[in-house]
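These notes are about the structure you will find just below.
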Amino acid sequence: MTSILTYLGPQEIEVNRATVLVGSFDKNQVAAISAAAGTNALNVAINPSTGIWNISLNKGFEQVGTSTVKVKATDKTGKVIGEKTINIKVNPAANSSAPIFTLITLQATQFKLENVPENNLNQQQKAEVPAGKTYLVSDYELADGHLSVELKNPIYPVGKTGFFYEKHVLLTKGAKILRFEPSDLPTPPPGMQLLWVNQKTKLKLNPSDSATLAPNQKVDLSQGETFNILGYACVENHFRVTFDRAVANLGKSGFLYSLHVQILQNGREIPFDRNAVTMTVLKTTAFKKRPVDAANMQPQEKITLLAGMIYGVTGLLIEQGHIKVSLTENLPPFGNTGFVYPDFVQFSRAGKSFNPAPNLTYQGPTEVLVNQAISLTGTFDKQEAVKVDVIAEDKLPLKVTLNQTAGTWQVNLATGFSVPGSRWLRLRATDSKGNVTGSQIIYITVISDSQTVGKSLSLKILSATFFKVDPVDSSRLNSQQKVLVTAGQTWAVSKYGFIDGHLKVILDAAISPIGTFGYFYEPDVQLTKGTKILRFDLADVPNTNVSAQLLVTQITQIKGKPQDSSQLPANQVADLILGGTYAITGYACVLGHFRVTLAASIPGFGNVGFIYWRHVKIKKQGKEVVFDPDALTMMILQPTVFKKRPVDADQLSATERTTLPLGRIYGVESYGLEQNHLKISVTEELPNFGNTGYVFPNSVQFKRGYKIFDPVPNNVELNVPYFSQRDNPRFDWSTCNVTAIAMVLYYYGVSSKWGGQLEDELLQWCFDFAGQGSQTDHNVLSALIQAYGFKTSFSATRQWADVRSELLNRRPVVLAGDFTASGHIITLIGYNSQGYIVQDPWGDALTGYSDTEGRKLLYPYDYINQVAGPDGNVWAHFIS
Numbered sequence: 039m040t041s042i043l044t045y046l047g048p049q050e051i052e053v054n055r056a057t058v059l060v061g062s063f064d065k066n067q068v069a070a071i072s073a074a075a076g077t078n079a080l081n082v083a084i085n086p087s088t089g090i091w092n093i094s095l096n097k098g099f100e101q102v103g104t105s106t107v108k109v110k111a112t113d114k115t116g117k118v119i120g121e122k123t124i125n126i127k128v129n130p131a132a133n134s135s136a137p138i139f140t141l142i143t144l145q146a147t148q149f150k151l152e153n154v155p156e157n158n159l160n161q162q163q164k165a166e167v168p169a170g171k172t173y174l175v176s177d178y179e180l181a182d183g184h185l186s187v188e189l190k191n192p193i194y195p196v197g198k199t200g201f202f203y204e205k206h207v208l209l210t211k212g213a214k215i216l217r218f219e220p221s222d223l224p225t226p227p228p229g230m231q232l233l234w235v236n237q238k239t240k241l242k243l244n245p246s247d248s249a250t251l252a253p254n255q256k257v258d259l260s261q262g263e264t265f266n267i268l269g270y271a272c273v274e275n276h277f278r279v280t281f282d283r284a285v286a287n288l289g290k291s292g293f294l295y296s297l298h299v300q301i302l303q304n305g306r307e308i309p310f311d312r313n314a315v316t317m318t319v320l321k322t323t324a325f326k327k328r329p330v331d332a333a334n335m336q337p338q339e340k341i342t343l344l345a346g347m348i349y350g351v352t353g354l355l356i357e358q359g360h361i362k363v364s365l366t367e368n369l370p371p372f373g374n375t376g377f378v379y380p381d382f383v384q385f386s387r388a389g390k391s392f393n394p395a396p397n398l399t400y401q402g403p404t405e406v407l408v409n410q411a412i413s414l415t416g417t418f419d420k421q422e423a424v425k426v427d428v429i430a431e432d433k434l435p436l437k438v439t440l441n442q443t444a445g446t447w448q449v450n451l452a453t454g455f456s457v458p459g460s461r462w463l464r465l466r467a468t469d470s471k472g473n474v475t476g477s478q479i480i481y482i483t484v485i486s487d488s489q490t491v492g493k494s495l496s497l498k499i500l501s502a503t504f505f506k507v508d509p510v511d512s513s514r515l516n517s518q519q520k521v522l523v524t525a526g527q528t529w530a531v532s533k534y535g536f537i538d539g540h541l542k543v544i545l546d547a548a549i550s551p552i553g554t555f556g557y558f559y560e561p562d563v564q565l566t567k568g569t570k571i572l573r574f575d576l577a578d579v580p581n582t583n584v585s586a587q588l589l590v591t592q593i594t595q596i597k598g599k600p601q602d603s604s605q606l607p608a609n610q611v612a613d614l615i616l617g618g619t620y621a622i623t624g625y626a627c628v629l630g631h632f633r634v635t636l637a638a639s640i641p642g643f644g645n646v647g648f649i650y651w652r653h654v655k656i657k658k659q660g661k662e663v664v665f666d667p668d669a670l671t672m673m674i675l676q677p678t679v680f681k682k683r684p685v686d687a688d689q690l691s692a693t694e695r696t697t698l699p700l701g702r703i704y705g706v707e708s709y710g711l712e713q714n715h716l717k718i719s720v721t722e723e724l725p726n727f728g729n730t731g732y733v734f735p736n737s738v739q740f741k742r743g744y745k746i747f748d749p750v751p752n753n754v755e756l757n758v759p760y761f762s763q764r765d766n767p768r769f770d771w772s773t774c775n776v777t778a779i780a781m782v783l784y785y786y787g788v789s790s791k792w793g794g795q796l797e798d799e800l801l802q803w804c805f806d807f808a809g810q811g812s813q814t815d816h817n818v819l820s821a822l823i824q825a826y827g828f829k830t831s832f833s834a835t836r837q838w839a840d841v842r843s844e845l846l847n848r849r850p851v852v853l854a855g856d857f858t859a860s861g862h863i864i865t866l867i868g869y870n871s872q873g874y875i876v877q878d879p880w881g882d883a884l885t886g887y888s889d890t891e892g893r894k895l896l897y898p899y900d901y902i903n904q905v906a907g908p909d910g911n912v913w914a915h916f917i918s
């Protein structure tokens, strides 16, 4: 009866290790197969076309020793026609947690040294392998109908590497069978699609190049793996997919490069669509079966869409003040079609947002000059709408004039907008019954520079340079992560930022193979708005003199200049090994590099050089130094007394003062004016004194990065580090909250427990505490702050005087406001006579967020009051 039912392997496995038991059966006689381990029934899958059965054990066997599995085969009448008792040796677990690939031969075959016909090989280049042999595999690749494998143990006489004919073997990864033929793919459950991995790839938390992501932001997927998915969206050359169950170490949703996978529905491939429509949830909202208020619906008639999620869209329609949307994703038990309010979502096509209600349009302008008369114009459906409203930041209705004959609307502002900055207006049309027939958000940037108003951004290549996926030395990137762009070319730009000595840009047209988003070394290019050249060049930055340790965390180089090593001679570049430690006597933050002064010279190089900041860590007094190109420093212009109290030094005892020497440079944590003195907290402890004291202003010089500034005129500024939400791997558009809080907690000495971005850790805390999307709930944010050991209070009725009092007492403030239509949160770190000094995690609001870097910006008082006030209605978290 062995020909009716056989067991092929494996014969032994590790305890608690996922595995697949594989056998064969007579497909002409067997109709069903059942199995049991003791009294526990096991699920058996059979493939009638190949005559192979398998049992997937996600947890393997739980005890070391011998485990017994009994298998029975029955015919169409239910009669048992074959039985098999399988004894499997269960070994103690190995130390490695890496996935194990197991190869089982399904029939007698050959293991070959080369992928050529066996007749072309001699006896030392091939080996006969019988059916039922099991091998552990380190790595593999499908090539011309063969599996090229690297085995854990050699097969004599070929060795560890060679080729098996793919149809003669079965390869598993844990409890999964890897599939290499379309005819062998499993059928997903109803309402789901099948995801098939065609080549080795990574599942990622965002659609960036995997080289730029931290280890906890990506997981490896193997060629041949299959997954059941609930749906997908086409985003930036990637499929964003939702799995039916969580993927270990990542979760239920992630991004996959579209060329590495296939998505199949009813056996047909779903092609990647670059012009696909997507819907981004701006605020957590209800997805409803009917276009009515969610409060009036039964639980089964609605489901919650969480802020930050992106869904693919197959159809949309305006209906009774709602948008009826059909998604490319099934939302159990709801389905894929429902109604949403337009104010809570944003629709995009090919990465560009669009108005889903073509019967209501805005024709311009999108950028205007401050205090200049303007007209806002657009069209509406004159057959449907009887009223059009335009409301500034959902607070101030503007007067709208309708032309019912032409179907146009107009708002005339005789004096324009009085405050520079990013403004948003809600445009809404209603019918005679008051139903909303169209709604959209209008963004307008108000600027004070008449030379650039209404002009586009343009980037010119001054000298041949690389367009890169990451602002690192090009020697660390492969050919798919960089491309050489020749001098003289000009590119239209939609957004930009200056970071690590590079211009970060989003181009209107893609540069293959990088795409539209990437980095140029700034000295090699020139960015203009209209005819005005935007300047990013830097003067020298002073060293902060310290006694500290530098630890190399990635194999890297120390260079004579902060530029690409390909442009430097050999004697200006030296390799640094992973784990190397160096004593340093000074450092500065320059163009994405730490400029360090080593205590001992490197032979053939010297003792001063530049190291890319992400590849090293500097620690002083047990605390990691934050890379901050706009760090505050104070240089002593003359020998001066640092005092415990703002009085004449003669009135102080020896323990209440210390002398600061001429020329010494100190890092500054915070400063403020108090009784004709500057009260300053420096970044190091002074012997027998501490780190906070008073000096006369004329005895010191302050710099923010390389720029000298006067700290005296009613200034308060805290040296809070800047974090951008745009590099957050999950929901970057809705994580301003945790990013703003992360800046404050880092200022107070908190760093990530797992070595990644602190804001990623805070986001995960919110998810664990109250579910995905909860990061937008101020109560959850308060609980988060308290969980990290800090006192906090949140109020929506703050006074500006209270905010300034917090800053004066060296406590940063997390401020919420209508900077964008979906709301936005920033960190206040100081103030002066003109406005608040802020860290904006989304970029510079005064440029309409065209500039995506928001480090230490000055937002005028009028603008802050416009979007985050007025006094008595300020939403803010105080943290201490």
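One point on numbering: in my numbering, the residue at position 408 of the sequence shown is 446, and numbering is uninterrupted. Ideal Cβ positions, reconstructed from N, Cα and C, are used throughout, including at glycine. Predicted model only: the values in this text are computed from it and were never measured.
In chain order, what residues of the same chain lie with their CB nearer than 6 Å to the CB of residue i, ignoring the 5 residues before and after it?
i	result
Ala56	Asn96, Gly98, Gly212 and Ala213
Ile917	Val782, Ile823, Phe828 and Thr830
Met39	Unreliable placement is indicated for Met39, whose pLDDT of 41 sits below 50; no coordinate value is reported for it.
Ser820	Thr830 and Phe832
Ile391	Note that residue 391 is Ser in the sequence shown, not Ile. Cβ within range, chain order: Gln384.
Glu179	Ser186
Measure the Cβ-Cβ separation of residue i and residue j and say whether it is below 8 Å.
i	j	result
Val363	Gly350	no
Phe455	Val507	no
Ile90	Leu43	no
Leu800	Arg768	no
Ile615	Phe632	no
Leu294	Thr239	yes
Ala69	Lys114	yes
Ala906	Leu853	yes
Pop quiz: residue i and residue j are said to be a contact at Cβ under 8 Å. What is the actual Cβ separation, rounded to whole angstroms?
i	j	result
Pro759	Asp666	6 Å
Pro245	Glu274	4 Å
Val755	Ile863	It is Glu, not Val, that sits at residue 755 in the sequence shown. Incorrect: roughly 20 Å between the Cβ atoms, too far for contact.
Leu320	Phe277	No, Leu320 and Phe277 are not in contact; Cβ-Cβ is about 22 Å, not under 8 Å.
What residues in its chain sit with their C-beta under 8 Å from that of residue i, if we drop five residues either side in the sequence?
i	result
Leu159	Lys150, Leu151 and Glu152
Lys717	Pro684, Tyr709, Gly710, Leu711, Thr730, Gly731 and Tyr732
Lys171	Gly47, Ile142 and Thr143
Ser550	Val521
Leu606	Lys597, Gly598 and Lys599
Phe746	Here residue 746 turns out to be Ile, not Phe, going by the sequence shown. Same-chain partners within the cutoff: Gln739 and Phe740.
Met230	Asn266, Ile267, Leu268, Asp282 and Asn368
Thr528	Ser496, Leu497, Lys498 and Ile499
Can you look up residue i in the DSSP assignment and give me helix, strand or coil?
i	result
Arg768	coil
Trp792	coil
Gln205	One detail in the question is off: residue 205 reads as Lys in this sequence, not Gln. Lys205: helix per DSSP, three-state reduction.
Leu884	helix
Tyr785	helix
Tyr481	strand
Glu219	coil
Thr40	Bear in mind that the predicted position of Thr40 carries a pLDDT of just 47, short of 50, making it unreliable; the figure below should be weighed with that in mind. Residue state, collapsed to three classes: coil.
Phe99	coil
Ala525	coil
Asp815	coil
Asn160	coil
With a threshold of 7 Å on Cβ separation, who are the neighbours of residue i within its own chain once the five nearest residues in sequence on each side are excluded?
i	result
Glu263	Lys211, Lys214, Leu216 and Val235
Pro192	Lys198
Report yes or no: do the segment 782-798 and the segment 296-315 share at least 3 C-beta pairs separated by less than 8 Å?
-> no
Contact the segment 416-425 vs the segment 451-470: 3+ CB pairs below 8 Å = yes
Counting Cβ pairs closer than 8 Å, one from the segment 583-594 and one from the segment 492-502, do we hit at least three?
-> no
Taking 8 Å as the threshold, find out whether the segment 253-268 comes into contact with the segment 318-336 through three or more Cβ pairs.
-> no
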